[in-house]
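Peer 1:
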Amino acid sequence: MLQRVSNRLPAIAGGLGAASLVVGLGAYLVTGQFDRQVLILLAIGVALLLIAASYYPQELLAMLRGRSVRYGSNTFATIVIFLAILSLINFYSINHSYRWDLTASKKFTLSQQTLNILNKLQAPMKLTAFYASGTSADYEDLLKQYKSASDKIDYQFIDPDRMPAVARQYKIQQYGTTVIEYQGKRQDVTGFGEQDLTSAILKLTSEKTKKIYFLAGHGELNVDSFDGPGGAQIKQALQAENYDVTVLNLAAKGSVPDDADVLVVAGAKNQFLDDEKKALKEYLDKGGKALIMVDPHGSPSVTEVLKDWGIEVGNGVAVDPASSIANQPQVPVVMQYNFNQITKDMTQQMTMFPLATSITVQKDLPKGETTAPLFQTTDKAWLETDQKVIKFDEGKDVRGPLTLAMTVQMGETSPKQNPQSAAKDEAQKPKTRMVVIGNSAFASNDLAKEPALANKHLFTNAVNWLAEDEDLISIGPKEPAMNQTFLTGAQESFVFYSSAVFLPLLVIIAGVAVWWNRR
Amino acid sequence: MRNVLTLTEKELRTYFVSPLAYVVIAAFLVVTGVFFAGIFIGSHQATMEYTFQNMSVILLLVSPMLAMRLLSEEQRSGTIELLLTSPVRDIEVVLGKFFASLVFLVTMLGLTLYYVLLLTRFGSPEAGPILSGYLGIFLLGAAFLAIGLFTSSLTSNQVVAAFLTIAILLVLWVLDALTSMFGSSASAVLSYLSLSKHISDLPKGLIDTKDLIYFLSLIVACIFLTTRSLEARRWR
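Chains P and B are the protein sequences, given in the same order.
Take the working numbering: the last position of the first sequence gets the number 552, and nothing is skipped along the way.
Take the working numbering: the last position of the second sequence gets the number 387, and nothing is skipped along the way.
(1) Which ranges would you report for the alpha helix (DSSP H) in the stretch 141-188 of chain P if only whole runs of at least 4 residues count?
(2) For the beta strand (DSSP E) containing Tyr-246/P, name the first residue and the last one.
(3) For Gln-304/P, which of Asn-275/P, Pro-262/P, Gly-287/P and Glu-253/P has the nearest alpha-carbon?
(4) Could you say if the stretch 267-280 of chain B and the stretch 131-141 of chain P meet the contact criterion of at least three C-beta pairs nearer than 8 Å?
(5) In the DSSP output, what is Pro-365/P paired with across the bridge?
(6) Could you spell out where the alpha helix (DSSP H) holding Ala-312/P opens and where it closes?
(7) How many Å lie between Ile-364/B and Leu-300/B at the Cα?
(8) For the beta strand (DSSP E) that Arg-272/B lies in, which residues bound it at each end?
(9) DSSP three-state label for Asp-134/P, please.
(10) Tell me the rounded alpha-carbon separation between Ala-177/B and Leu-163/B.
(11) Looking at Phe-314/B: is its Cβ nearer than 8 Å to the Cβ of Gly-48/P?
(12) List the residues of chain B that Ala-123/P touches, going by C-beta distances under 9 Å, in chain order.
(13) Runs of 3 residues minimum, wholly inside the stretch 224-248 of chain B: which ones carry the beta strand (DSSP E) assignment?
(14) Answer with yes or no whether the minimum CB distance from Leu-154/P to chain B is below 8 Å.
(15) From the DSSP output, read off the bridge partner residues of Glu-553/P.
(16) Between Leu-416/P, Gly-78/P, Ala-299/P and Leu-72/P, which lies nearest to Pro-362/P when the distance is taken from Cα to Cα?
(17) For a quick check, are the C-beta atoms of Leu-148/P and Ala-182/P less than 8 Å apart?
(18) Listed in chain order, which residues of the stretch 261-274 of chain B have Cβ atoms closer than 7 Å to some Cβ of chain P?
(19) In the DSSP output, what is Trp-415/P paired with across the bridge?
(20) Leaving out five residues before and five after Ala-495/P in sequence, what residues of the same chain have Cβ atoms less than 7 Å from its Cβ?
(21) Quick one: grab the DSSP three-state call for Gln-420/P.
(22) Between the beta-carbon of Thr-198/B and the beta-carbon of Asn-516/P, is there less than 8 Å?
(23) Note down, in chain order, each residue of its chain lying with its Cβ closer than 7 Å to the Cβ of Ala-487/P, except the 5 sequence neighbours on either side.
(24) Quick one: any contact between the stretch 407-426 of chain P and the stretch 341-357 of chain P, if contact means 3 or more CB pairs under 8 Å?
(25) What separation, rounded to the nearest whole angstrom, lies between the Cα atoms of Gln-450/P and Thr-377/B?
(26) Near Ser-94/B, what residues of its chain come up, given a Cβ to Cβ distance below 6 Å and the 5 sequence neighbours on each side ignored?
(27) With 7 Å as the C-beta to C-beta threshold (strictly closer), list the residues of the stretch 461-481 of chain P near chain B in chain order.
(28) In whole angstroms, what is the alpha-carbon distance linking Ala-456/P and Val-212/P?
(29) Residues of chain B with CB under 9 Å from Lys-140/P, in chain order?
(30) Starting from Arg-466/P and walking both ways along the beta strand (DSSP E), at which residues does that stretch end?
(31) Quick one, are the C-beta atoms of Asp-187/P and Lys-159/P less than 8 Å apart?
(32) Which of helix, strand or coil does DSSP assign to Thr-231/P?
(33) Classify Trp-342/P: buried if its beta carbon has 16 or more other beta carbons within 10 angstroms, exposed otherwise.
(34) Less than 6 Å between C-beta atoms, sequence neighbours within five positions excluded: which residues of the same chain meet that for Val-547/P?
(35) For Glu-402/P versus Val-441/P, is the C-beta distance shorter than 8 Å?
(36) Whose Cβ in chain B lies nearer than 7 Å to the Cβ of Pro-537/P?
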C-alpha cells in the first residue's frame, strides 16, 4: 500500500504543482496583479514540480553530468560566444529601436510639438501618476512614449489605495492626478491626453506664468468672495494650476492688458460703457482668448459683442424636465458631452447649470470661424421665454436639444499637412478662441466645491484650452478607437457557443475522422 | 533545406495522427473561446487585444505539451541514434522538428481567426492591432516552442521535459514582476529578459523592433543550444 503511494508520489506532486501553477496564473490573469499570494502559489508549484522531477534522478543526472570533460569546455566556449553575440545585438536594438504604430488613431506616436518641448528639457523631470491599479494601461502607454522620447523624463505609478502615505505627502485629492516635478517646481495634471501633459510640461518649463483676467464692474462672479454665489473656489483652482489670476476693471484700464492670456467674462448683468464694449470687441478682434459666461437676460452689451461673431444668446431659460434636479427643471443636469479637448475626460461626470440659456449659431459665420457645441440638454428640453408659467408654448418657446456651451475658433487649428508654408499664411490672421457657456452660476462656490459635480473641472478645462499655446491646440485629443459593439442576446449566445463549443467540437470531429480512417 | 522539409513533413504526420494533437487544439480553443466570448460580450469592444493577452498565457501552458515529445521521444525509443548517424546534419534535424511545431502553432492560431470573423461580422475592429497581435502571438508561441524543443533535447522523459519547460517559461514570464527585489541595473536586464514585457505592446498595435529582436534572439539561441545539446550526445 505504502509502496504504491510512494510510487505515485511524483505524479501526485507533479499534478499538485501544475494545479498550483494554474491557480496562481489564473489569479494573476484575473486580477492583473502580481502580488504575494500569486508569488507563493507559483513558488509552491515550481517546488512541487522540482520534487516530481527529482524522482527521475537518472534523467536529471544525465542532464547535469555526462562525459563532458573532454568536449564540454569546447561546447561551452562556443555557447558563450554565441550568446554574447546575441546579447550585443539585443543591447544595440534597445538603443536603436524603430517602431511602427498600426493603430488608426496613431496612439503610439507623439506629435512634433511634444517632441520639440521634450528636447528642450534641461533637468530631470519626474512624473508621479496617482491611479488605482488596473485603470491606467492607456495612460502608461502614453508616459512610456514620453520617457522613450526624452532621457530626462522618468515616471512612476502610485496606487493611492495601496500607498496612501505617498498620496497624502503629495496632497492628492482625486484619482487620475499626475504630479510633474521639474527644477523644484510642481504642476498637477488631471487630464490624460498628450495635449494635457505637454501643456503642463510647457507651463513648468516656461519662464512666464500665464495671466487670467476676470472682468468686473457689471455684476460678474466675484472671484474674491468666499460666499455661496462667489467665485473664490475657481480662483483657487486656477492658482493651483499655476495661473496668475487678476481682476480687471475695463472702465479704469481702458483696454484689456496685453499680457492677458485669457479674459473671463463671468455672467455680466449690466450694460457696459461704450468704451468698455469697444475694448472687449477689440480684444477679441485682435485674437484674444475669452471664456464668456452669459445668463438669461444678462448684460445686453455682451450679447451684442457675441452677435458680431455670429453667436446668439437665447432669450429665455433652459428647462429640461428629462434631466434636471428633482422638481427644478430650470436646473439642467448634463451627463453627456461631445468629444473634444475640453470635455473629453468628463464622460459619466455630472455638471449642473441653474438658470441657463441656450447658445445658437447664426447661419453665416464670419469667414474662417468655426464653432463646436460642447454639450446639450436632452431633446425633451425647451427654452422658456415666459418664466411665469413653466410650460412649452408652441411657436413661442424653442424646442430642445439646446446647446448650452460651445467653442468658437478663428483660423485654421486642425493639424496641417505642411506646417511651414501654412504657418506663414496663417501667422497674420488673429486666432481668436472663445468658450461661450450659457450660464455663470455653475462656477459659483456652492457648485464648484460640490465634489459630486464636475463643474469646477469644466471651468478649469475650458480655461486650460483657452490658455493653451497655438501649436499645442492642434495636437488635439486622440479619439478612442470606435470599436464599440453591442450584441443582442441571440448574438451573444451565437458568439459564445460558436467560439467556445462548436469550433473545438469541429476539431474533435476532425480528430475522430482521422482516427477512423487509419483504423 | 530539402532534408529539413522532409523531416518537417514526417514530424507533422506524427503530430496529426496522434489524438493528443486534436485534444490539445480543442482544449486550447475551448479556453481561448471562453475568454474571447466573455471579453467581447462583456466589454462591448470589437478588439482582440485582451484575447491575445489571455492567449499568451494559455500558450504558455500548451506549448510545453506540443514540444515535449519532439526530441525526448526519439531519445527514449532510441531512434535518435538513427537520425544522428544518418546523413542529415544536426541543425537540419532540429529545424525540421521546430518547423513542424510551428506549423502546428499556426494551425492553432489560424483557427482563432474565426474570432476576427465574428468581430468583423458584428463590429468594426481595427485591422492594425490584430495584425501586429497575431505577429506577436506567433513569435511568442515560437519562442515557447523553441524553449520546449531545447528542454526536450535534454531528457528522454517527456513529462520531465514538459515540466522543465513550464518552469523555465514561468520564470521568464514573471521576471518583470520580480524586478523590484533587485537593484536598478539588474532589474533593467531582468525586465528586458521577461517574456511578458515583450508581448505587451504588439497586441495594442505597436510593433517595436526591440520586441521582434528579443523573440528572434530567444528562438535562435534555443535552436543553437539544442544543436549543441544533440552534439553533446555524441560524446556523452
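Beta carbons: idealized from backbone N, C-alpha and C, even for Gly.
Quick caveat, the model's predicted, so the values are computed rather than measured.
Peer 2: Inspection of the coordinates gives the following:
(1) Listed in chain order, they are 145-152 and 170-182.
(2) In the first sequence, the residue the question calls residue 246/P occupies position 213. Run containing Tyr-246/P: 244-248, per the beta strand (DSSP E) assignment.
(3) On the first sequence, position 271 is the one that residue 304/P refers to. For Gln-304/P, the nearest C-alpha among the options comes from Glu-253/P.
(4) A contact is defined here as three or more CB-CB pairs under 8 Å, and the stretch 267-280 of chain B meets this definition with respect to the stretch 131-141 of chain P.
(5) For the purposes of this step, residue 365/P is taken as residue 332 along the first sequence, with counting starting at 1. Beta-bridge analysis with DSSP links Pro-365/P to Ser-357/P.
(6) Locating residue 312/P in the first sequence gives position 279, where the first residue counts as 1. Start and end: 307-318.
(7) Here residue 364/B refers to the residue found at position 213 when the second sequence is read from its first residue. Here residue 300/B refers to the residue found at position 149 when the second sequence is read from its first residue. One C-alpha to the other measures close to 20 Å.
(8) Along the second sequence, one-based indexing puts residue 272/B at 121. The continuous stretches of beta strand (DSSP E) do not include Arg-272/B, which lies in the alpha helix (DSSP H) extending over residues 264-273.
(9) If you number the first sequence from 1, residue 134/P lands on position 101. Per DSSP, reduced to three states, the secondary structure at Asp-134/P is strand.
(10) Taking the first residue of the second sequence as 1, we reach residue 177/B at position 26. Taking the first residue of the second sequence as 1, we reach residue 163/B at position 12. In a straight line, the C-alpha of Ala-177/B is about 17 Å away from that of Leu-163/B.
(11) Indexing the second sequence from 1 puts residue 314/B at position 163. Indexing the first sequence from 1 puts residue 48/P at position 15. For Phe-314/B and Gly-48/P, no; Cβs fall outside 8 Å.
(12) Start at 1 with the first residue of the first sequence, and residue 123/P comes out as number 90. Reading off the sequence, residue 123/P comes out as Asn, not Ala. Per Cβ cutoff of 9 Å: Tyr-343, Lys-361, Ile-364, Tyr-365 and Ser-368.
(13) For the stretch 224-248 of chain B, not one full-length beta strand (DSSP E) segment reaches 3 residues or more.
(14) Position 121 of the first sequence, counted from the start, is the residue given in the question as residue 154/P. False, the Cβ-Cβ gap to chain B never drops below 8 Å.
(15) Residue numbering for chain P in the displayed model covers 34 to 552; residue 553/P lies beyond these limits and cannot be assessed.
(16) For the purposes of this step, residue 362/P is taken as residue 329 along the first sequence, with counting starting at 1. Answer by Cα proximity: Leu-416/P.
(17) Taking the first sequence and counting its residues from 1, one reaches residue 148/P at position 115. Taking the first sequence and counting its residues from 1, one reaches residue 182/P at position 149. In contact: Leu-148/P and Ala-182/P (Cβ atoms closer than 8 Å).
(18) For the stretch 261-274 of chain B, the residues whose beta carbon sits under 7 Å from a beta carbon of chain P are, in order, Leu-262, Tyr-265, Tyr-266, Leu-269, Phe-273 and Gly-274.
(19) Within the first sequence, residue 415/P is the residue found at index 382, counting from 1. When DSSP reads this structure, Trp-415/P sits in a beta bridge with Val-352/P and Arg-432/P.
(20) Taking the first sequence and counting its residues from 1, one reaches residue 495/P at position 462. Cβ-Cβ distances below 7 Å link Ala-495/P to Leu-324, Ile-375 and Val-468 in the same chain, with the five nearest sequence neighbours on each side left out; the list follows chain order.
(21) What you label residue 420/P is simply residue 387 of the first sequence in a count that begins at 1. Secondary structure at Gln-420/P: coil, using DSSP grouped into helix, strand and coil.
(22) One-based indexing of the second sequence puts residue 198/B at position 47. One-based indexing of the first sequence puts residue 516/P at position 483. Result yes, Cβ atoms of Thr-198/B and Asn-516/P sit closer than 8 Å.
(23) In the first sequence, counting from the first residue as 1, residue 487/P sits at position 454. Listed in chain order, the non-local C-beta contacts of Ala-487/P below 7 Å within the same chain comprise Met-379, Gln-382, Met-383 and Thr-384, local neighbours out to five positions each way being set aside.
(24) The stretch 407-426 of chain P makes contact with the stretch 341-357 of chain P: 3 or more CB pairs, one atom from each, lie closer than 8 Å.
(25) Along the first sequence, read from residue 1 onward, the residue named residue 450/P stands at position 417. Along the second sequence, read from residue 1 onward, the residue named residue 377/B stands at position 226. Because the pLDDT at Gln-450/P is just 42, under 50, the model does not fix this residue reliably, and the value given afterwards should be weighed accordingly. Each residue's Cα considered, the two are about 53 Å apart.
(26) Residue numbering for chain B in the displayed model covers 152 to 387; residue 94/B lies beyond these limits and cannot be assessed.
(27) Answer in chain order: no residues at all.
(28) If you number the first sequence from 1, residue 456/P lands on position 423. If you number the first sequence from 1, residue 212/P lands on position 179. Confidence at Ala-456/P is low in this model, with a pLDDT of 46, below 50, so its placement is unreliable and the value that follows should be read with caution. Cα to Cα, the separation comes out at about 33 Å.
(29) Locating residue 140/P in the first sequence gives position 107, where the first residue counts as 1. Simply Lys-355, Gly-356 and Leu-357.
(30) Counting from one through the first sequence, the residue named residue 466/P turns up at place 433. Where Arg-466/P is concerned, the enclosing beta strand (DSSP E) starts and stops at 466-470.
(31) Within the first sequence, numbered from 1, the residue matching residue 187/P stands at position 154. Within the first sequence, numbered from 1, the residue matching residue 159/P stands at position 126. In this structure, the beta-carbon distance from Asp-187/P to Lys-159/P falls below 8 Å.
(32) Your numbering for residue 231/P matches position 198 in the first sequence. Reduced to three states, the DSSP call for Thr-231/P is helix.
(33) Translated into positions along the first sequence, residue 342/P becomes position 309. Trp-342/P sits buried, since 16 or more C-beta atoms from the chains shown fall within 10 Å of its C-beta.
(34) For the purposes of this step, residue 547/P is identified with residue 514 of the first sequence, where counting begins at 1. Same-chain partners within the cutoff: there are none.
(35) Here residue 402/P corresponds to residue number 369 of the first sequence, with the count starting at 1. Here residue 441/P corresponds to residue number 408 of the first sequence, with the count starting at 1. Yes, these two residues count as a Cβ contact at 8 Å.
(36) In the first sequence, residue 537/P corresponds to position 504, counting from 1. The contacting residues are Ala-177, Leu-180, Val-181 and Gly-184.
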